[in-house]
Amino acid sequence: MPSKSQISIIDDDEQFRAALADLMRAMGFTIEAFSSAVDFLASPNVRHTSCLIVDVHMPGMTGTELHSNLAGSGYNIPTILITAYPDDRTRAWALGHGVVGYLTKPIDEEVLLGCVESALQRAKSDEDPS
């Protein structure tokens, strides 16, 4: 379900970030990609992001810290966390704090697409609370 909604991807692994951005663009989505949470927060994209796909383990600010920071600042951006190092504690925290998905690398494209569609639906519901 391609959309004009913006998806922001944050991952410190340049190859993974580029491959994921290319995949999402090929599916018809509008993508902005960042190498760090700090770069994302410093950009104007925070206000325009409808779905956030972010790596859990990054230098500086982790994906879970970013999610908490955004929520604490009043940004309710539907978030999908991705990780090469899954653990039950982080998964439980993420799902308990409103994260749409907690996915393990390598990412299953169909599962990712389902999470993105859920995130965009949630973003739309937040915009039009009818």
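If you count the sequence shown from 1, you need to add 36 to reach our numbering.
Glycine residues also receive a C-beta, built at the ideal position from the N, C-alpha and C atoms.
Computed from a predicted model, the values in this text were never measured in an experiment.
request  = Go through its chain and collect everything with a Cβ distance to residue 151's Cβ below 8 Å, but skip five positions before and after it.
outcome  = 116, 136, 137 and 139
request  = May I ask you to verify whether the stretch 40–47 touches the stretch 77–89, counting CB pairs closer than 8 Å and requiring at least 3?
outcome  = yes
inquiry  = I need the boundaries of the beta strand (DSSP E) containing residue 15, first residue and last residue.
reply    = No statement about residue 15 is possible, as the shown extent of the chain runs from 37 to 166 and does not include it.
request  = Can you tell me which of the three DSSP states residue 109 falls into?
outcome  = coil
message = At the level of alpha carbons, what is the spacing between residue 61 and residue 69?
response = 11 Å
message = Within 10 Å of its beta-carbon, does residue 155 have 16 or more other beta-carbons around it, so buried, or fewer, so exposed?
response = buried
task = Leaving out five residues on either side along the sequence, give the residues of the same chain with a beta carbon under 6 Å from the beta carbon of residue 107.
result = none
ask   = Residue range of the alpha helix (DSSP H) that residue 69 falls in?
value = It is not in any alpha helix (DSSP H) - residue 69 instead sits in the beta strand (DSSP E) that spans 66–70.
ask   = If you count every other CB in all the chains shown that lies within 10 Å of the CB of residue 131, and 16 or more means buried, which is it?
value = exposed
key: Inter-residue Cα distance where the pair is residue 66 and residue 95   = 26 Å
request  = Can you give me the start and stop residues for the alpha helix (DSSP H) that residue 150 sits inside?
outcome  = 145–163
query = So, using beta-carbon positions, are residue 48 and residue 71 closer together than 9 Å?
reply = yes
message = In the DSSP output, what is residue 126 paired with across the bridge?
response = Beta-bridge pairing links residue 126 to no other residue.
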